[in-house]
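See structure below.
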Amino acid sequence: MAEYVSADEIREMFAQAMSLMYQQEVPQYGTLLDLVADVNIGVLEKHPMLLEQLTNDGEIGRLNIERHGAIRVGTPEELAGLRKIFAIMGMYPVGYYDLSVAGIPVHSTAFRPTEDAALARNPFRVFTSLLRPELIEDIPLRKQALQILAKRSIFTPVCRELVDIHAQQGGLTAPQAQSFVREALETFRWRQQACVDAQTYQALHNAHRLVADIVSFPGCHINHLTPRTLDIDRVQALMPEYGVTPKNVIEGPPRRLHPILLRQTSFRALEEKVVFAEGAQGAHTARFGEIEQRGVALTPKGRRLYDTLLAEAGVAADNFAHQNRLRNAFARFPDDETTLRQSGLAWYRYRLLPAGDANRQAIKPDDSPQALIERGWIAASPVTYEDFLPVSAAGIFQSNLGAETQVREQGHASQQAFEAALGCAVKDPFVLYQETENRSRRQCGLATVNRLT
Ligand code: OOG
Ligand code: NI
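The sequence shown lines up with residues 1 to 453 when you count with UniProt numbering.
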């Protein structure tokens with residue numbers, strides 16, 4: 001029997017290949033990677049405890065690897081094709097994001113690993129958006145966009161073939177996996193040859209810049225990649241020194257002792273040369289670089305508090321003022337682990353310590369984890385947030401669409417339509433986090449919880 005390459009390994013190969021390709025395509029992205037690496041080293045030098053912790057967790061070797069990328073597709077068939085490709089890499093659709101509330105004519109999911117071991121190996125995810133043509137108001141233009149999209153094929157024939165082979169065999173051999181990664185990458189490659197003429201591009205662009213980005217090209221180019229930083233405030237502050245222009249504000253929660261959810265910032269998209277169908281030259285701005293810093297995943301209760309405080313804080317024009325507002329609003333969000341855990345605001349993973357293991361029979365399901373922690377029998381560690389935030393995502397989209405973006409008539413969230421296009425249901429991130437916590441509770445002999453309401 002042939003040996004098949006694991007999905008985790010294929011995902012890792014793909015993420016690496018994509019990173020190399022993107023550094024060549026967007027040189028500023030390479031600069032961002034250098035900056036992030038410099039800042040990470042600086043943080044580790046100042047905090048030897050953190051260095052030790054990351055080394056113990058096996059994190060240190062993959063600190064500077066990308067955590068996510070993003071693409072935008074035009075049709076249900078394209079989305080369903082991506083679902084199959086990502087499944088081969090052990091990435092499944094998690095969560096539904098309605099961006100129409102921010103005037104952006106797409107809805108999205110994130111393809112990502114869902115199991116603890118796969119996430120630990122390589123958490124690479126792809127935020128994937130599907131155009132909602134019904135939000136193009138000009139009906140003849142909408143029809144034209146759909147006709148253009150119907151003509152293109154974003155996957156290479158060899159890629160399609162390998163997807164079928166994978167389905168028949170139940171896996172890919174090493175040479176097949178290499179070929180699969182190479183061919184799948186073609187879908188994400190930048191192509192300067194547009195498949196529309198300059199006039200059509202302009203009409204699509206006038207409808208919405210994102211519509212032009214999704215419809216005008218023969219592929220669905222990766223639009224950013226995102227490494228992880230240990231100090232996002234520092235990276236934001238240093239970007240200009242490295243010759244890259246950051247977006248105005250860092251998205252997400254403020255800086256805290258115990259980070260929650262996800263903080264993100266990006267540099268502005270660069271202008272790239274395009275050749276239109278009739279041969280005219282032009283430019284297109286869509287592709288950028290982003291960084292992220294992740295904290296603990298919140299329960300629905302914690303998330304409601306986050307959403308409330310975020311809305312209360314509002315948005316300021318510059319980052320300094322914005323972070324101040326956030327800090328004031330988030331004074332009401334507990335910032336010590338015991339409270340976060342005991343009031344059910346965030347998810348934790350429990351594990352038996354040697355003393356607990358020796359006394360396993362003495363642990364009763366209804367024992368309070370806090371008491372066992374204080375006795376030195378078990379330990380708790382935060383479950384990292386692996387998903388995205390709709391308000392932050394809207395901010396990232398907007399910053400790269402330019403100031404002229406109009407907020408227009410909004411569509412309604414349509415998870416059903418999205419799932420029909422995808423060909424399956426998206427997983428509920430809260431269910432996944434709860435399963436992680438409950439698995440760890442069971443391993444300690446503790447009762448499980450239900451915090452899904
Ligand atoms: C996706 C923007 C959302 C994030 O990190 O929130 C995103 C896009 O611009 O296509 O990537
Ligand atoms: Ni992103």
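In this text, a Cβ means the ideal position worked out from N, Cα and C, and glycines have one as well.
Just so it is clear, the structure is predicted and the values come from calculations on it, not from any experiment.
Which residue or residues does DSSP assign as beta-bridge partners of residue i?
i, result
"residue 267", "246 and 289"
"residue 98", "107"
"residue 226", "68"
"residue 426", "For residue 426, which the question treats as bridged, DSSP gives no partner whatsoever."
"residue 93", "111"
"residue 255", "None, per the DSSP bridge assignment."
"residue 129", "72 and 108"
"residue 283", "273"
"residue 296", "260 and 384"
Measuring CA to CA, which of the options is closest to residue i?
i, options, result
"residue 273", "56, 107 and 194", "194"
"residue 39", "242, 330 and 146", "242"
"residue 192", "280, 434 and 366", "280"
"residue 217", "153, 227, 207 and 206", "153"
"residue 382", "397, 46, 375 and 339", "339"
"residue 418", "36, 136 and 107", "107"
"residue 145", "201, 244, 31 and 375", "201"
"residue 423", "77, 286 and 127", "77"
"residue 124", "10, 169, 147 and 256", "10"
"residue 34", "228, 320 and 350", "228"
"residue 385", "63, 75, 397 and 430", "430"
"residue 400", "60, 328, 267 and 425", "267"
"residue 141", "84, 171, 206 and 311", "206"
"residue 323", "282, 256 and 246", "256"
"residue 248", "343, 397, 286 and 299", "397"
"residue 116", "449, 440 and 448", "440"
"residue 432", "351, 331, 114 and 121", "114"
"residue 360", "181, 246, 44 and 444", "444"
"residue 365", "19, 170 and 442", "442"
"residue 130", "213, 147 and 252", "213"
"residue 380", "336, 137 and 387", "336"
"residue 298", "30, 73, 451 and 53", "451"
"residue 252", "147, 390, 118 and 155", "390"
"residue 105", "55, 72, 6 and 30", "72"
Between residue i and residue j, which are expected to be in contact by the criterion C-beta below 8 Å, what is the C-beta distance as a whole number of angstroms?
i, j, result
"residue 316", "residue 288", "22 Å between Cβ atoms; not a contact."
"residue 198", "residue 290", "About 29 Å separates the two Cβ atoms, so there is no contact after all."
"residue 96", "residue 415", "4 Å"
"residue 88", "residue 15", "With 8 Å as the limit, residue 88 and residue 15 do not qualify as a contact, their Cβ atoms being about 13 Å apart."
"residue 395", "residue 372", "Going by Cβ atoms, the distance from residue 395 to residue 372 rounds to 41 Å, so no, they are not a contact pair."
"residue 110", "residue 86", "That belief does not hold up - the Cβ atoms of residue 110 and residue 86 are roughly 10 Å apart, past 8 Å."
"residue 259", "residue 293", "7 Å"
"residue 226", "residue 69", "7 Å"
"residue 79", "residue 421", "5 Å"
"residue 345", "residue 334", "7 Å"
"residue 436", "residue 347", "7 Å"
"residue 3", "residue 173", "7 Å"
"residue 165", "residue 188", "Actually they do not touch by this definition, with Cβ atoms about 21 Å apart."
"residue 261", "residue 314", "Not confirmed; about 18 Å, so no contact."
"residue 100", "residue 135", "6 Å"
"residue 350", "residue 446", "7 Å"
"residue 215", "residue 276", "At roughly 13 Å, the Cβ-Cβ gap does not stay under 8 Å, so residue 215 and residue 276 are not in contact."
"residue 46", "residue 163", "Their Cβ separation, rounded to whole angstroms, is 47 Å, which puts residue 46 and residue 163 out of contact at 8 Å."
How far does the alpha helix (DSSP H) with residue i in it extend, from its first residue to its last?
i, result
"residue 31", "27–46"
"residue 4", "Premise fails: residue 4 is in no alpha helix (DSSP H) and is neither H nor E."
"residue 358", "354–358"
"residue 429", "429–443"
"residue 233", "232–238"
"residue 372", "369–374"
"residue 392", "390–399"
"residue 118", "116–121"
"residue 62", "It is not in any alpha helix (DSSP H) - residue 62 carries neither H nor E in the DSSP assignment."
"residue 448", "Careful: residue 448 lies outside any alpha helix (DSSP H) and carries neither H nor E."
"residue 241", "Run containing residue 241: none; DSSP gives neither H nor E here."
"residue 194", "Counting along the chain, residue 194 falls outside any alpha helix (DSSP H), and DSSP gives it neither H nor E."
"residue 214", "209–215"
May I ask which residues mark the beginning and end of the beta strand (DSSP E) holding residue i?
i, result
"residue 381", "378–382"
Please indicate yes or no: does the CB of residue i lie closer than 6 Å to some heavy atom of the ligand SAM?
i, result
"residue 263", "Only the ligand OOG and the ligand NI can be found as ligands here, which leaves the ligand SAM out of the picture."
Residue ranges of each alpha helix (DSSP H) within the segment 131–157, 4 or longer: Those alpha helix (DSSP H) runs which fall completely within the segment 131–157 and span 4+ residues are 139–151.
Those runs of the alpha helix (DSSP H) which lie wholly inside the segment 314–357 and span at least 4 residues: List check, alpha helix (DSSP H) in window: 319–329 and 337–342.
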